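The structure under discussion appears below in the form of structure tokens.
Numbering (the working numbering), first residue to last: 110 to 321.
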């Protein structure tokens with residue numbers, strides 16, 4: 110297990126239940142969550158739960174995550190809960206913010222419209238609070254005000270119908286790291302802006318992956 114701070118971990122029973130949860134991809138094809146995980150007991154999966162598809166903080170987090178050189182070393186799955194028709198545009202927005210020089214990211218996003226997977230793995234918190242700290246994954250010179258304004262602009266550009274399809278605005282996300290049949294790291298957001306810092310997440314994943 111990682112020596113880095115982790116929230117209380119989902120149990121093996123929680124993970125078993127989660128594996129049967131049904132997700133949908135951009136085309137509407139259904140997938141059991143368990144089918145998206147690695148089959149090797151030595152492999153490490155990183156599962157990233159976002160708030161909604163217009164959340165600027167989550168977008169910045171994903172752009173920073175997929176800019177990291179280790180991003181392609183893991184099986185990574187992004188989970189949202191908005192309408193699956195918004196996934197292609199969401200993937201494009203993430204890719205557009207990946208830093209120059211990073212490998213072209215392979216980004217898999219699935220929607221959990223009933224939030225059954227969120228709840229099975231403990232993602233039950235809901236609020237609209239901003240965090241006190243400005244996350245590093247925002248990037249240099251960026252703060253909460255600009256991030257909120259960017260989210261509003263993105264919602265307006267998407268059109269009236271898409272605004273309400275992006276998911277529950279109050280739902281919080283976070284991250285879990287899975288190795289074999291065990292969750293070895295979990296972080297549940299307490300505010301709308303406190304994803305795990307990217308470097309810390311990769312340190313935690315690397316330890317479970319057998320790296321130093």
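All C-beta atoms in this analysis are idealised placements derived from N, C-alpha and C, irrespective of residue type, glycine included. Keep in mind that this is a model prediction, so the values were computed, not measured.
(message) Does residue 332 pass the burial test, meaning 16 or more other C-beta atoms within 10 Å, or should it be called exposed?
(response) The structure shown has nothing for residue 332, since the chain only spans 110 to 321.
(request) Can you tell me which of the three DSSP states residue 297 falls into? (result) In the chain shown, residue 297 corresponds to position 188, counting from 1. Note: residue 297 maps to strand in three-state DSSP.
(message) If I measure Cβ to Cβ from residue 143 and keep anything under 6 Å in the same chain, skipping five residues before and after, which residues do I get?
(response) Start at 1 with the first residue of the chain shown, and residue 143 comes out as number 34. Answer for residue 143: 128, listed in chain order.
(message) The alpha helix (DSSP H) that contains residue 122, what's its start and end?
(response) Walking along the chain shown from the start, residue 122 turns up at place 13. From DSSP, the alpha helix (DSSP H) with residue 122 extends over 121-128.
(message) Per DSSP, what are the beta-bridge partners of residue 154 in this structure?
(response) For the purposes of this step, residue 154 is taken as residue 45 along the chain shown, with counting starting at 1. Residue 154 is bridged to 184, 287.
(message) Using a 10 Å radius around the Cβ and a threshold of 16 neighbouring Cβ atoms, would you call residue 314 buried or exposed?
(response) What you label residue 314 is simply residue 205 of the chain shown in a count that begins at 1. Flag for residue 314 reads buried.
(request) Tell me, please, whether the CB atom of residue 258 is closer than 7 Å to any CB atom in chain D? (result) No chain D is present in this structure, which holds just one protein chain.
(request) Assuming residue 123 contacts residue 295 (C-beta within less than 8 Å), just tell me the rounded distance between them. (result) Here residue 123 refers to the residue found at position 14 when the chain shown is read from its first residue. Here residue 295 refers to the residue found at position 186 when the chain shown is read from its first residue. Going by Cβ atoms, the distance from residue 123 to residue 295 rounds to 10 Å, so no, they are not a contact pair.
(request) Count the C-beta pairs between the region 296-305 and the region 274-286 that are closer than 8 Å, then say yes if the count reaches three, no if not. (result) yes
(request) Spell out the partners DSSP gives residue 220 in its beta bridges. (result) What you label residue 220 is simply residue 111 of the chain shown in a count that begins at 1. For residue 220, which the question treats as bridged, DSSP gives the partners 133, 189.
(message) Closer than 8 Å is the cut-off here; do at least three beta carbon pairs connect the region 132-150 with the region 173-181?
(response) no
(message) Here's a check: name, in chain order, each residue in its chain whose Cβ is nearer than 7 Å to the Cβ of residue 203, leaving out the five neighbours to either side.
(response) Stepping through the chain shown from its first residue, residue 203 is reached at position 94. Result list for residue 203: 168, 171, 172, 175, 216, in chain order.
(request) For residue 240, collect the residues of the same chain with a Cβ closer than 6 Å to its Cβ; drop the 5 residues on either side in sequence, then sort them by chain order. (result) The sequence position of residue 240 within the chain shown is 131, counting from 1. Same-chain partners within the cutoff: 300, 302, 303.
(message) Using 8 Å for Cβ pairs, my map puts residue 231 next to residue 119. What's the rounded Cβ distance?
(response) Position 122 of the chain shown, counted from the start, is the residue given in the question as residue 231. Position 10 of the chain shown, counted from the start, is the residue given in the question as residue 119. With 8 Å as the limit, residue 231 and residue 119 qualify as a contact, their Cβ atoms being about 6 Å apart.
(message) According to DSSP, is residue 253 part of a helix, a strand, or is it coil?
(response) Counting from one through the chain shown, the residue named residue 253 turns up at place 144. The answer is helix: DSSP assigns residue 253 an H, G or I state.
(message) In the DSSP assignment, the beta strand (DSSP E) including residue 141 goes from what residue to what residue?
(response) Position 32 of the chain shown holds residue 141. Residues 139-141.
(message) Using C-beta distances below 7 Å, list every residue in its chain close to residue 311, excluding the 5 sequence neighbours before and after it, in chain order.
(response) Residue mapping note: residue 311 aligns to position 202 of the chain shown, counting from 1. Taken in chain order, the residues that qualify are 177, 179.
(message) Taking its Cβ as the centre, do 16 or more other Cβ atoms sit within 10 Å of residue 112, making it buried, or is it exposed?
(response) In the chain shown, residue 112 corresponds to position 3, counting from 1. The predicted position of residue 112 is uncertain, since its pLDDT is 39 and thus under 50; a value taken from the coordinates is nonetheless stated next. Flag for residue 112 reads exposed.
(message) Count Cβ pairs between the region 184-202 and the region 273-281 that sit closer than 8 Å; are there 3 or more?
(response) yes
(request) Could you tell me how far apart the beta carbons of residue 206 and residue 161 are, in whole angstroms, since I believe they sit closer than 8 Å? (result) The residue given as residue 206 occupies position 97 in the chain shown. The residue given as residue 161 occupies position 52 in the chain shown. Wrong, their Cβ atoms sit about 17 Å apart, outside the cutoff.
(request) Would you mind giving the Cβ-Cβ distance between residue 354 and residue 235, rounded to the nearest angstrom? I have them listed as a contact below 8 Å. (result) Nothing about residue 354 can be reported from this structure: the residues present for the chain run from 110 to 321 only.
(request) Would you mind reading off the limits of the alpha helix (DSSP H) that contains residue 280? (result) In the chain shown, counting from the first residue as 1, residue 280 sits at position 171. From DSSP, residue 280 is part of no alpha helix (DSSP H); its letter is neither H nor E.
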